[in-house]
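K.L.:
Take the position in the sequence shown, starting the count at 1, then add 21; the result is the number in our numbering.
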Amino acid sequence: HTHKEGSILPRAGPPHTGLDGAFRLGGFGRSPGHTKIAESDRERLSPRHGRMARNDDVARGKLYFFLFCTVFLGAFVGGLSGGAGVDVFLAAVLGISILLLIGINTYIVVLWADPQDQSASYWLTSLVVFSLVVAEGAVLGLPLDVANNQDIGCSAGTSTDVCGGLDMYIYWQVIGCLVFILAVFAIPVAIFQYEAYDDPMIRERRGKGNDNRQAFCVAMCYEMVLLAIVFLTLGLMWNFLGTSEIPVTELKASIAEMSDVIYVTTPSAVAAKDSYSMELTQAERVGSNTVNSKDSTIDLPCSFAIYIMALTGFVGWFGFVVFGGVGIAAMPLTLINNYIDRPKIMTREEVAGEKLRIQEKTAELIQLGVDMKQERAAWWGGTHSWNERRKQKREDRTNVNQLKQMVYILEHELDMLLVCEGKAQNYNPLYPFICLIVGSVCFLISFLWILQIILYMVVDPPATPFLNA
22 HTHKEGSILP
32 RAGPPHTGLD
42 GAFRLGGFGR
52 SPGHTKIAES
62 DRERLSPRHG
72 RMARNDDVAR
82 GKLYFFLFCT
92 VFLGAFVGGL
102 SGGAGVDVFL
112 AAVLGISILL
122 LIGINTYIVV
132 LWADPQDQSA
142 SYWLTSLVVF
152 SLVVAEGAVL
162 GLPLDVANNQ
172 DIGCSAGTST
182 DVCGGLDMYI
192 YWQVIGCLVF
202 ILAVFAIPVA
212 IFQYEAYDDP
222 MIRERRGKGN
232 DNRQAFCVAM
242 CYEMVLLAIV
252 FLTLGLMWNF
262 LGTSEIPVTE
272 LKASIAEMSD
282 VIYVTTPSAV
292 AAKDSYSMEL
302 TQAERVGSNT
312 VNSKDSTIDL
322 PCSFAIYIMA
332 LTGFVGWFGF
342 VVFGGVGIAA
352 MPLTLINNYI
362 DRPKIMTREE
372 VAGEKLRIQE
382 KTAELIQLGV
392 DMKQERAAWW
402 GGTHSWNERR
412 KQKREDRTNV
422 NQLKQMVYIL
432 EHELDMLLVC
442 EGKAQNYNPL
452 YPFICLIVGS
462 VCFLISFLWI
472 LQIILYMVVD
482 PPATPFLNA
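(1) What do you get for residue 197, buried or exposed, if any count of 16 or more other CB atoms within 10 angstroms of its CB means buried?
(2) In chain order, what residues of the same chain lie with their CB nearer than 7 Å to the CB of residue 217, ignoring the 5 residues before and after it?
(3) Please confirm whether residue 438 and residue 375 have their CB atoms less than 8 Å apart.
(4) Note down the Cα distance separating residue 288 from residue 464, rounded to an integer number of angstroms.
(5) Residues in the same chain with beta-carbon distance under 7 Å from residue 270, minus the five sequence neighbours each way, listed in chain order, please.
(6) For the alpha helix (DSSP H) holding residue 447, just list the boundary residues, first then last.
(7) So residue 126 and residue 150 are supposed to be a Cβ contact under 8 Å. How far apart are they, rounded?
(8) Using three-state DSSP, classify residue 267 as helix, strand or coil.
(9) Tell me residue 272's beta-bridge partners as DSSP assigns them.
(10) Using DSSP with H/G/I as helix, E/B as strand and the rest coil, what is residue 486?
(11) I'd like to confirm the pairing. Which residues does DSSP put opposite residue 322 in its beta bridges?
(12) Taking 6 Å as the limit between beta carbons, can you name the residues of its chain near residue 153, skipping five residues before and five after?
(13) Using a threshold of 8 Å, state whether the C-beta atoms of residue 427 and residue 386 are closer than that.
(14) Can you tell me whether residue 347 is buried or exposed? The criterion is at least 16 other CB atoms within 10 Å of its CB, across all chains shown.
(15) Below 8 Å CB to CB, which residues in the same chain sit around residue 208 once its five sequence neighbours on both sides are set aside?
(16) Going by alpha carbons, who is nearest to residue 116 out of 128, 129 and 100?
(17) Quick check on this structure: which residue in 408, 480, 84 and 89 has the alpha carbon closest to the alpha carbon of residue 123?
(18) Just the Cα atoms here: how many angstroms apart are residue 436 and residue 134?
(19) Would you list the one or two residues that DSSP bridges to residue 184?
(20) When the Cα atoms are used, what is the spatial distance from residue 159 to residue 362?
(21) Please classify residue 478 as buried or exposed, where buried requires at least 16 neighbouring CB atoms within 10 angstroms.
(22) Could you give the DSSP three-state label for residue 52: helix, strand or coil?
(23) If residue 263 sits next to residue 322, beta carbons under 8 Å apart, how far is it from one beta carbon to the other, in whole angstroms?
(24) Enumerate in chain order the residues of its own chain whose CB-to-CB distance from residue 403 is below 7 Å, with the five nearest sequence positions on each side excluded.
(25) Could you give the distance in angstroms between the alpha-carbon of residue 344 and the alpha-carbon of residue 470?
(26) Any chance the stretch 378 to 385 sits against the stretch 482 to 490, with 3 or more Cβ pairs inside 8 Å?
(27) So the alpha helix (DSSP H) residue 108 belongs to, where does it begin and stop?
(28) Would residue 330 be called buried (16 or more neighbouring beta carbons within 10 Å of its own) or exposed?
(29) According to the neighbour-count rule (16 or more other Cβ atoms, all chains shown, within 10 Å of its Cβ), is residue 460 buried or exposed?
(30) Measure the beta-carbon distance from residue 453 to residue 328 and round it to whole angstroms, keeping in mind my assumption that it falls under 8 Å.
(31) Are residue 267 and residue 318 touching if we call contact CB-CB under 8 Å?
(32) By the three-class DSSP mapping on this structure, what secondary structure does residue 364 have?
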């Protein structure tokens, strides 16, 4: 740079580059040649100092997290054992399990969720983590119930040393009500808000106000309609069908016929063939002939919470059957296909051809996205009826999902190409072989499970106990 004598600009090099430019912009001096920079300032603005600060923040965050877990576990165990009389070991296991579930679910959500979704709405991310914890709590409640009631005297209310002291009746009611609230209110609101966020009418307001608030208002309108339908249906069903029928065996005897029967208090001297029965005396035979038995039911009214738990479990079984049936076939095939479609060694010409194909496909998808955006903007710029807007929203959602699917496939192909070139990060070459082993085990389990269903449940009477043996 050319300059007059006494200018504050340096004689060579760009005016604001590197560490020296940062010093000048920060007001530490005119140039390295004119002002001596303090060593403390240089150390404070160096990249090494930034890395150290970030490491200190990470260490401080880990310390706070450890303190939170310790305080939570101590308060949880102390509250259950001291306040509710729960066994200390059982309370500690329950508290540690809750912390582990929260940590694992948070890791899964952060690993697999879209970073833009996480930063856009933290309460949705927290809702997903909480929903996973509740679902896992419903599954792990069965072994917890067994560990809490290891003796028949626990259920009868007698005090024994093997009882955990945890009121599982309240536990199951809380889990059932939480599942109902999440399934009917929290998760539908989150889905409605997520879908409404991409609504063209809301998108036009972006920059003019809080678009999250607009999307939440739209979601609450849909949710009010859903709650009205759900509670109207539940109220009618609970009013007319809110009773539980308990099957019992009803015994009836005539007092007149039994008046001449002489009962003996000592068992017969002649034992039966097995140790579970005895030969009846003449008086006992006469008494048994005067008793009539028949199958009957006892009708007991159910509370609304119990009815919700029963209905949620009944509806959930259908989802379990559908998703369980899909998983039996899909999981082994997916894992085995991961081994079949593993990255292969490619020549330089094949890599170049694959790069060209991916570039062409990328350009096509970008152009397709631009065309879809223009078509949607043109259509929503006009005046349409409510029914036409509803149909257009459904069509737009279908088109966007198809575009996302094509983008996902293209990203997977790009990842495989990077692995073939040796440029992929954090790729484990043993992963395909692990998938093959796990997939083979899952295929064997699925095959045996289906065979068990056919031999023991479909065939009547069962052909063989098979796995039940």
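Glycine included, each C-beta is placed from N, C-alpha and C at the ideal position.
P.N.:
Put simply:
(1) As a first step, residue 197 is located in the sequence shown; it is residue number 176 there, counting from the start. Looking at its Cβ environment, which holds 16 or more other Cβ atoms inside 10 Å, residue 197 is buried.
(2) By one-based count along the sequence shown, residue 217 stands at place 196. Apart from sequence neighbours up to five positions away, the residues of its chain that approach residue 217 with a beta-carbon distance below 7 Å are 223, 236, 239 and 240, ordered along the chain.
(3) Numbered from its first residue, the sequence shown carries residue 438 at position 417. Numbered from its first residue, the sequence shown carries residue 375 at position 354. Yes, these two residues count as a Cβ contact at 8 Å.
(4) Looking up residue 288 in the sequence shown gives position 267. Looking up residue 464 in the sequence shown gives position 443. Because residue 288 carries a pLDDT of 47, less than 50, the predicted location of this residue cannot be relied on, and no value is offered for it.
(5) Numbered from its first residue, the sequence shown carries residue 270 at position 249. Excluding positions up to five away in sequence, the list reads 314 and 316.
(6) Locating residue 447 in the sequence shown gives position 426, counting from the first residue. Residue 447 -> no alpha helix (DSSP H), and no H or E assigned at all.
(7) Taking the first residue of the sequence shown as 1, we reach residue 126 at position 105. Taking the first residue of the sequence shown as 1, we reach residue 150 at position 129. At roughly 5 Å, the Cβ-Cβ gap stays under 8 Å, so residue 126 and residue 150 are in contact.
(8) Reading the sequence shown from its first residue, position 246 is the one you call residue 267. In this structure, residue 267 counts as strand in the three-state DSSP scheme.
(9) Here residue 272 refers to the residue found at position 251 when the sequence shown is read from its first residue. According to the DSSP secondary-structure assignment, residue 272 is paired through a beta bridge with 314.
(10) In the sequence shown, residue 486 corresponds to position 465, counting from 1. For residue 486, the secondary structure class from DSSP, reduced to helix, strand or coil, is coil.
(11) For the purposes of this step, residue 322 is identified with residue 301 of the sequence shown, where counting begins at 1. Partner(s): 264.
(12) Against the sequence shown, residue 153 aligns to sequence position 132. Residues 126 of the same chain have their beta carbon placed closer than 6 Å to that of residue 153, with the five preceding and five following residues left out of the count.
(13) Counting from 1 along the sequence shown, the entry for residue 427 is found at position 406. Counting from 1 along the sequence shown, the entry for residue 386 is found at position 365. Yes, the pair counts as a contact, with Cβ atoms nearer than the cut-off.
(14) Translated into the one-based positions of the sequence shown, residue 347 becomes position 326. It counts as exposed.
(15) As a working mapping, residue 208 is identified with position 187 in the sequence shown. Here the set comprises 148 and 152.
(16) Reading the sequence shown from its first residue, position 95 is the one you call residue 116. Closest in C-alpha terms to residue 116, from the list 128, 129 and 100, comes 100.
(17) Your numbering for residue 123 matches position 102 in the sequence shown. Nearest option by C-alpha distance: 89.
(18) For this step, residue 436 is matched to residue 415 along the sequence shown. For this step, residue 134 is matched to residue 113 along the sequence shown. Going by C-alpha positions, residue 436 is about 18 Å away from residue 134.
(19) Taking the first residue of the sequence shown as position 1, residue 184 is located at position 163. DSSP lists 170 as partners of residue 184.
(20) As a first step, residue 159 must be located in the sequence shown, where it is residue number 138. As a first step, residue 362 must be located in the sequence shown, where it is residue number 341. Here the C-alpha atom of residue 159 lies approximately 37 Å from the C-alpha atom of residue 362.
(21) Residue 478 sits at position 457 when you count from the first residue of the sequence shown. Here residue 478 is exposed, its C-beta having fewer than 16 other C-beta atoms within 10 Å.
(22) Position 31 of the sequence shown holds residue 52. Low confidence applies to residue 52: its pLDDT is 43, below 50, so where it sits in the model is not reliable enough to give any reading.
(23) Position 242 of the sequence shown, counted from the start, is the residue given in the question as residue 263. Position 301 of the sequence shown, counted from the start, is the residue given in the question as residue 322. The C-beta distance from residue 263 to residue 322 rounds to 6 Å, short enough to meet the 8 Å contact threshold.
(24) Counting from one through the sequence shown, the residue named residue 403 turns up at place 382. Closer than 7 Å at Cβ, skipping near neighbours: no residue.
(25) The residue you call residue 344 lines up with position 323 of the sequence shown. The residue you call residue 470 lines up with position 449 of the sequence shown. Looking at the backbone, the Cα of residue 344 and that of residue 470 are separated by about 15 Å.
(26) Cβ pair count under 8 Å is below three, so no.
(27) Working through the sequence shown from its first residue, we reach residue 108 at position 87. Membership of residue 108 in any alpha helix (DSSP H) is not indicated, and neither H nor E is assigned to it by DSSP.
(28) Walking along the sequence shown from the start, residue 330 turns up at place 309. Within 10 angstroms of the beta-carbon of residue 330 lie 16 or more other beta-carbons, which makes it buried.
(29) Locating residue 460 in the sequence shown gives position 439, counting from the first residue. Buried: at least 16 other Cβ atoms inside 10 Å.
(30) Working through the sequence shown from its first residue, we reach residue 453 at position 432. Working through the sequence shown from its first residue, we reach residue 328 at position 307. No, residue 453 and residue 328 are not in contact; Cβ-Cβ is about 49 Å, not under 8 Å.
(31) Residue mapping note: residue 267 aligns to position 246 of the sequence shown, counting from 1. Residue mapping note: residue 318 aligns to position 297 of the sequence shown, counting from 1. It is a contact, given that the beta carbons lie within the stated cut-off.
(32) To locate residue 364, count along the sequence shown from 1; it is residue 343. Looking at residue 364 - three-state DSSP - the assignment turns out to be coil, as it is neither helix nor strand.
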